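Below: one structure, written as structure tokens.
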Amino acid sequence: MGNLYLTYREGFPQDLKSPFLEYPDGSLITYEELEEQSSQYANGFSDLGLQPGDRVSVQVDKSPEVIFIYLACLRSNLIFHPLNTAYKESELSFFLDDAKPSVFICQKEIYENISSLGLKKEPQHVFTLLPLEGESIQSIKRKGDHEIVDCSEEHTAALLYSSGTTGKPKGIMLTHGNIGSNALALKEAWNFTQEDCLLHALPIYHVHGLFVALGCVFLSGSRVLWMNAFDADEVLKILPKCSVMMGVPTYYTRLLSNPKLNNDTTANIRVFISGSAPLLEDTFNEFRSKTGHYILERYGMTETNIICSNPIAGKRKPGTVGLPLEGQSLRIVDDSLNNLDKDEIGNIQVKGPNVFNGYWNLPEKTKEDFSSDNFFNTGDKGFIDQDGYLTIVGRSKDMIISGGLNVYPKEIESLIDDLDGVGESAVIGLKDNDLGEKVVAVVVRQDKSEITEDELITTLKQDIAGFKVPKQVIFIDELPRNAMGKVQKNVLRDNYQ
Ligand code: MCA
Numbered sequence: 005m006g007n008l009y010l011t012y013r014e015g016f017p018q019d020l021k022s023p024f025l026e027y028p029d030g031s032l033i034t035y036e037e038l039e040e041q042s043s044q045y046a047n048g049f050s051d052l053g054l055q056p057g058d059r060v061s062v063q064v065d066k067s068p069e070v071i072f073i074y075l076a077c078l079r080s081n082l083i084f085h086p087l088n089t090a091y092k093e094s095e096l097s098f099f100l101d102d103a104k105p106s107v108f109i110c111q112k113e114i115y116e117n118i119s120s121l122g123l124k125k126e127p128q129h130v131f132t133l134l135p136l137e138g139e140s141i142q143s144i145k146r147k148g149d150h151e152i153v154d155c156s157e158e159h160t161a162a163l164l165y166s167s168g169t170t171g172k173p174k175g176i177m178l179t180h181g182n183i184g185s186n187a188l189a190l191k192e193a194w195n196f197t198q199e200d201c202l203l204h205a206l207p208i209y210h211v212h213g214l215f216v217a218l219g220c221v222f223l224s225g226s227r228v229l230w231m232n233a234f235d236a237d238e239v240l241k242i243l244p245k246c247s248v249m250m251g252v253p254t255y256y257t258r259l260l261s262n263p264k265l266n267n268d269t270t271a272n273i274r275v276f277i278s279g280s281a282p283l284l285e286d287t288f289n290e291f292r293s294k295t296g297h298y299i300l301e302r303y304g305m306t307e308t309n310i311i312c313s314n315p316i317a318g319k320r321k322p323g324t325v326g327l328p329l330e331g332q333s334l335r336i337v338d339d340s341l342n343n344l345d346k347d348e349i350g351n352i353q354v355k356g357p358n359v360f361n362g363y364w365n366l367p368e369k370t371k372e373d374f375s376s377d378n379f380f381n382t383g384d385k386g387f388i389d390q391d392g393y394l395t396i397v398g399r400s401k402d403m404i405i406s407g408g409l410n411v412y413p414k415e416i417e418s419l420i421d422d423l424d425g426v427g428e429s430a431v432i433g434l435k436d437n438d439l440g441e442k443v444v445a446v447v448v449r450q451d452k453s454e455i456t457e458d459e460l461i462t463t464l465k466q467d468i469a470g471f472k473v474p475k476q477v478i479f480i481d482e483l484p485r486n487a488m489g490k491v492q493k494n495v496l497r498d499n500y501q
């Protein structure tokens with residue numbers, strides 16, 4: 005496998021006039037336009053003087069234009085670097101400083117304040133996505149054939165950041181081969197064909213909406229029904245036109261709360277797929293009894309793409325994430341790297357063409373997360389049952405998953421601890437019917453401080469993405485600690501659940 009664009013293109017329908025993307029109002033983008041638009045952007049990048057390996061950072065609302073730009077990056081062997089639109093200035097400054105993009109495409113508000121991010125419009129090229137909002141990236145497009153740049157499967161295609169338990173976020177380098185091999189395995193595992201129509205309501209700055217969802221579509225020459233964001237009422241209106249839906253568990257709990265969800269509205273769907281956060285057995289069972297559908301749960305992470313999936317044909321076991329995908333080795337080991345038997349709980353490790361190529365500019369950190377025989381340590385704990393299905397029982401990394409987005413308590417605690425009036429804090433995840441887990445801060449005030457929940461939340465909202473801001477603040481006199489002085493988060497979780 006060489007350039008991922010060529011792999012995708014092999015899956016495009018023979019008749020390029022077939023639809024790739026359909027809006028709810030029926031308007032279409034064809035595969036021919038996808039080829040043409042991505043080629044025009046690729047020409048534009050070359051006119052700007054970009055060289056293979058240069059980064060293109062993108063922080064804009066969901067739009068098909070972003071897909072053209074992603075494909076243009078692949079064609080030109082540039083590194084695509086998508087960013088969650090929720091990130092605030094200080095978060096963004098870090099990502100841009102670390103990734104050092106040659107092109108940054110952003111929203112109007114950021115474009116107008118670009119100097120406050122320490123960025124200059126030159127030599128970096130800063131663009132808006134939309135015309136009339138500044139200098140639009142659309143102005144770089146140039147017609148004419150574009151020759152796809154030759155590259156190996158080991159070249160980095162995308163850079164996605166994850167926060168860490170300690171320190172700053174790390175850039176995860178995903179190669180052409182990582183993304184392509186995983187998309188091919190998923191297309192097979194989930195039986196995608198040209199007849200499929202995928203309901204696409206996910207954001208496209210994460211592996212889930214970008215590589216998993218679109219990868220299956222490109223490789224099967226099928227099409228997406230496009231929604232700019234998830235809205236349960238809208239989804240239920242267009243579900244009858246679709247055959248597959250992918251989402252985080254929150255999508256399914258929101259659909260379940262909608263009276264229009266029933267056998268009829270879901271009759272055309274061949275499979276509902278869930279990932280990015282644990283799907284509760286209650287959600288699985290309730291969905292089955294309301295619609296007759298068994299949600300297919302799968303498991304992945306940014307570093308590895310998708311690792312396991314419940315089967316299309318065969319038993320979908322609630323509470324499990326299914327069987328390893330074709331071409332991957334999965335093992336459960338103890339802390340001394342001894343292989344554990346079936347049903348024994350241990351560390352989940354994985355090896356395969358899907359596993360990332362290392363952290364951006366952090367070779368030492370990369371080494372820490374791989375075993376001597378090159379298995380990646382996911383940081384999750386689980387066991388494999390007698391049928392080979394994986395169950396995840398916990399995360400050894402102290403992470404919260406809220407509505408499918410990862411939140412690292414350490415990052416939030418550091419910010420809270422720096423606030424005037426705060427002595428110390430512990431950030432935990434508590435069960436939440438909508439988000440799966442919600443971020444909650446347990447805070448010890450400094451002597452005489454009268455800092456309130458509102459003040460704390462309002463201050464944090466200025467500095468960090470909204471999904472990381474605690475939904476609730478609980479004030480206590482002292483954090484519970486064990487004999488070693490470590491905060492006992494399990495005690496806090498038990499007390500406040
Ligand atoms: C938005 N808000 C949230 C979240 N999203 N709070 C906690 N957790 C969240 N996930 C807050 C906003 O800051 C805002 O707060 C308020 O909710 C309303 O914002 P809005 O954008 O309208 O929210 P929403 O439409 O209700 O969004 C919730 C959502 C969304 C639909 C669950 O977060 C979502 O689409 N999540 C999917 C994420 C995803 O694709 N994850 C894949 C990554 P305020 O009102 O206070 O300002 S993981 C991955 O890729 C791996 C590989 C995998 O396995 O898939």
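Under my numbering, the letters of the sequence shown match residues 5 to 501, in that order. Even for Gly, the Cβ is constructed at its ideal location relative to N, Cα and C. The structure displayed is predicted, hence computed values, not measured ones.
- With three or more CB-CB distances shorter than 8 Å, the stretch 140-158 counts as touching the stretch 34-49.
- The straight-line gap separating the alpha-carbon atoms of K21 and E36 is approximately 6 Å.
- The alpha-carbon of V359 is positioned some 11 Å away from that of G184.
- According to the DSSP assignment, V397 belongs to the beta strand (DSSP E) that extends over L394 to R399.
- In the three-state scheme derived from DSSP, where H, G and I count as helix and E and B as strand, S106 is classed as coil.
- Around the beta-carbon of D498, fewer than 16 other beta-carbon atoms lie within 10 Å, marking it exposed.
- In terms of Cβ geometry, R302 and N289 do not form a close pair [threshold 8 Å].
- Rounded to whole angstroms, the gap between the alpha carbons of T395 and D347 is 9 Å.
- Taking A193 as the centre and dropping the five residues before and after it, the same chain places the C-beta of S313, P315, I316, L329 and E330 closer than 8 Å to its C-beta, in chain order.
- Assigned with DSSP and collapsed to three states, Y209 falls in coil, not helix or strand.
- DSSP, read as helix, strand or coil, puts F72 in helix.
- Q111 and V64 do touch by the CB rule: their CB atoms are close to 6 Å apart, below 8 Å.
- Within a 10 Å sphere around the beta-carbon of D200 sit 16 or more other beta-carbons, which makes this residue buried.
- In the three-state reduction of the DSSP assignment, N499 falls in the helix class.
- Measuring C-alpha to C-alpha distances from E457 to each of A205, V444 and D451 identifies V444 as the nearest.
- In this structure, the straight-line span from the alpha carbon of A162 to that of N267 is close to 39 Å.
- Per the Cβ contact rule, the stretch 360-370 is not in contact with the stretch 332-344 (fewer than 3 Cβ pairs under 8 Å).
- Not one heavy atom of the ligand MCA falls within 7 Å of the beta-carbon of S375.
- With a cutoff of 8 Å on beta-carbon distance, V448 and L496 are scored as not near each other.
- At a cut-off of 7 Å, the beta-carbon of S280 counts as near the ligand MCA: some heavy atom of the ligand is closer than that.
- Around the beta carbon of R485, a 10 Å sphere encloses fewer than 16 other beta carbons of the protein chains shown; the residue is thus reported as exposed.
- The C-alpha of E151 is placed about 23 Å away from the C-alpha of P105.
- With 16 or more other CB atoms across the displayed protein chains lying within 10 angstroms of its CB, N309 is buried.
- Distance from the C-beta of A233 to the nearest heavy atom of the ligand MCA is below 7 Å.
- Between E238 and M231, the CB-CB gap stays under 8 Å.
- For M305, the shortest separation between its Cβ and any heavy atom of the ligand MCA lies below 7 Å.
- Between A233 and the set F222, I208 and K245, the nearest pair of CA atoms involves I208.
- The beta carbons of M5 and E113 sit no closer together than 8 Å.
- Burial state of V397 is exposed, judged by a 10 Å Cβ sphere holding fewer than 16 other Cβ atoms.
- C246: not part of any beta strand (DSSP E); DSSP gives it neither H nor E.
- Annotated three-state conformation of Q44 is helix, per DSSP.
- Look at Y303 here: in three-state DSSP terms it is strand.
- Going by DSSP, H85 is part of no alpha helix (DSSP H) but of the beta strand (DSSP E) stretching over I83 to P86.
- Bounds of the alpha helix (DSSP H) holding E415 are P413 to D421.
- In the three-state scheme derived from DSSP, where H, G and I count as helix and E and B as strand, L8 is classed as helix.
- When DSSP states are grouped into helix, strand and coil, L284 belongs to the coil group.
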